[in-house]
Structures are given as structure tokens and as C-alpha cells.
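*Asks:* So the protein sequences, as listed, match chains E and W. In terms of our numbering, the first sequence opens at residue 1 and continues consecutively. In terms of our numbering, the second sequence opens at residue 1001 and continues consecutively. One structure is given below, represented as C-alpha cells, and several questions about it will come after.
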Amino acid sequence: MKTLTKLALVLIPTMALSLSATAHDPSLHVKKAEKADCSKMDHSKMDMKNPVAIAMMKKCMKQSKADDHKMKEMDHSKMKKIESKAAKKDDQEHNH
Amino acid sequence: MKIIKLLLVLFVLAIGSAATVMYSGIVNVAADEPHSNFVYWLLEETRERSISHAAKNIKVPDLSDPELLLTGGTDYEFMCASCHLKPGQSESDMSVGLYPAPPNLAISSKTHVGHEHDDDDEAARRNFWIIKHGIKASGMPAWGKTHDDQRIWAMVAFINQLYTLTPEQYQILTAID
């Protein structure tokens, strides 16, 4: 108990002080690992000889493939069970 | 003999003056207090001459491979953008707080005011050397201690294209796979 009190006495002021040290816009200090937002890519305006356009295409294709791979890795058999359970529940509710 | 004595006295005086200034603590090292124009010119000229001299023999590889933009883009976002900014951004805490202010690499170097830039190869050599070795007392780290030359050239390739990118293009190129 004494150790817990000591820990609380050290940790609470430390956390309070570190929170008060945030700068004017905390979002500037957050580094998020974002995925490429390929929805805004306009293929009609892209010059496929331009290295920037080629790099963007490569990035989006790679991401699309990775997403497909993740979808394939999902256990669909379990999803069907969940769906069928939900459907049964709906049926039961309708019968009442 | 008189001349030698005079030179010796002048030398001792110069060392004494420098030591007095150094140990008195009157030199303000605060980053929010700019140098005088003369000191700024002196330091900037020394820095630019040093970089030109050190980078003159670096061979620039082919930087047109689009794959370089992907590697360089991700590294730029995580290592450089907080100081050197990105398309659509005009300042950050770091770009405002650092002194000397880090250059905004998201705008064309041709629009930089107050100093001229060399041709593309010269600029690539310069950027490679700065990224690899850093600059003393400026906040610019030596990324060469933790990154190989290939990765640094990828960053140089990305920086070459950076000013042409829209915020949307930048987001795609710098995103994590």
C-alpha cells in the first residue's frame, strides 16, 4: 500500500507536468502511420511518363494488393456462422 | 626583430581579447535572438564554402527511378518534414523555432530570396552531403550514421521532386505500405 501511494505521488505530478508541456497544436507532434489515400488520384490527368505518377501508381497498386491479401486471409467460415446466427435471430424475432 | 616582437604582442592581445569575450559570457547564444548581419554573413559564407568544397567530387547517380521516390518519400516524412515542411504547409514549430531557420524544401529553390542556387547536379551533390554529414550547431543531424548512401540518394531524389507535388500526391508517396 505504501509503495502504491509512493508511486501515485511520483506518477501523478509527472503526468500532470508532461501534459502541461504540450505545444500550441498537439496534432503537429503526432506521427501517424497513414495509408495512401488513393481515392483522390485522377488517372485521366496523370502523365505516365512522369516518375511521380509512376511512383504513385506503384504505391496504390501495392496497397491494393496488400488489402486483397488481407481479405483472403480472413476466416470467412466464421463470418458465415455469425451471419447465419444473426439471420436466425432475425427470423425468431419476426416469428414472435 | 622589432617586427617579430610587435607580431607576438598583437597575437597575445588577440588571444586575450578572444578569451575575454568567451569567458565573460556576453555572447548571446539564444536561438530567438538573431545574429548581427556581419556574423550571419560570416557563418553562412563559411558554411556554403565548406559544403561546396566537401561535396565537389561526389558522383550523382541516376535519380529518375520512381522507386526512389517511394523510399525517399517515407523517409522524408518521418525525418525531414517537421523542419523542412511539406506541400500545403508554410510553417511548423520546428521551422519557426530553429535558428538558423531550416529551408522550406516544399517550394522551388528558384523562389528562395537572398541566395542563389546551382544547377541540378550541384544541388543534388549538396543535398546528399548535407543529409549524410549534417551541419554543426544548426540542428541538422548526420543521417549517414544510421542510413546508407542508397537511402540518402532516395531522399535527394524525393527532394528534387518535392516542390512539384500537391498535398494529395505527397500523402500518397509518403504513406506507409
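Yeah, the Cβ is synthetic: ideal placement off N, Cα and C, and Gly gets one too.
Would L1006 (chain W) pass as a contact of W1153 (chain W) if the rule is Cβ separation under 8 Å?
*Replies:* no
*Asks:* CA-CA distance, M1140 (chain W) and Y1076 (chain W)?
*Replies:* 13 Å
*Asks:* Using beta carbons (cut-off 8 Å, strictly below), is A1175 (chain W) in contact with chain E?
*Replies:* At least one CB atom of chain E sits nearer than 8 Å to the CB of A1175 (chain W).
*Asks:* Against chain E, with Cβ distances strictly below 8 Å, would T1164 (chain W) count as a contact?
*Replies:* yes
*Asks:* Sort out for me which residues DSSP pairs I1135 (chain W) with in a bridge.
*Replies:* W:M1140
*Asks:* Can you check whether the C-beta of D68 (chain E) is within less than 8 Å of a C-beta belonging to chain W?
*Replies:* For D68 (chain E), the answer is no, since every Cβ of chain W falls outside 8 Å of its Cβ.
*Asks:* Could you tell me which chain E residues have their CB closer than 7 Å to the CB of P1066 (chain W), listed as they occur along the chain?
*Replies:* P51, I54, A55, K58
*Asks:* Excluding five sequence neighbours on each side, which residues of the same chain lie with their C-beta closer than 6 Å to the C-beta of W1143 (chain W)?
*Replies:* I1131
*Asks:* Mind checking whether T1071 (chain W) and R1151 (chain W) have CB atoms under 8 Å apart?
*Replies:* yes
*Asks:* Can you tell me whether DSSP reads E34 (chain E) as helix, strand or coil?
*Replies:* Of the three classes helix, strand and coil, the one that applies to E34 (chain E) here is coil, per DSSP.
*Asks:* In its own chain, which residues sit with a C-beta less than 6 Å from the C-beta of I1107 (chain W), not counting the 5 before and 5 after it?
*Replies:* So the list reads Y1163, once near-sequence residues are dropped.
*Asks:* Let me check understanding here. Comparing Cα to Cα, which of W:V1096, W:A1137, W:D1149, W:N1104 lies closest to I1159 (chain W)?
*Replies:* W:N1104
*Asks:* Please state whether DSSP places L1165 (chain W) in a helix, a strand or coil.
*Replies:* coil
*Asks:* Given T1178 (chain W), which residues of its chain have a CB within under 7 Å of its CB, disregarding the five upstream and five downstream residues?
*Replies:* Past the edges of chain W, shown from 1001 to 1177, lies residue 1178 (chain W), and the structure says nothing about it.
*Asks:* For a cutoff of 8 Å on Cβ pairs, would you count K62 (chain E) as touching chain W?
*Replies:* yes
*Asks:* Would A23 (chain E) be called buried (16 or more neighbouring beta carbons within 10 Å of its own) or exposed?
*Replies:* Caution is warranted here: a pLDDT of 49 is assigned to A23 (chain E), below 50, making its placement in the model unreliable, and the coordinate value is therefore given only provisionally. It is exposed - the Cβ of A23 (chain E) has fewer than 16 other Cβ atoms within 10 Å.
*Asks:* Locate the alpha helix (DSSP H) running through C1080 (chain W), then write down its first and last residues.
*Replies:* No alpha helix (DSSP H) holds C1080 (chain W); DSSP gives it neither H nor E.
*Asks:* Would you verify that the beta carbon of D37 (chain E) is, or is not, closer than 8 Å to some beta carbon of chain W?
*Replies:* Yes - at least one Cβ of chain W is within 8 Å of the one on D37 (chain E).
*Asks:* Taking the beta carbon of T5 (chain E) as the centre, do at least 16 other beta carbons fall within 10 Å, making it buried, or is it exposed?
*Replies:* exposed
*Asks:* Quick one: what's got a C-beta closer than 6 Å to K1099 (chain W)'s C-beta in the same chain, skipping five residues either side?
*Replies:* What sits at residue 1099 (chain W) in the sequence shown is Tyr, not Lys. Correct list, in chain order: A1031.
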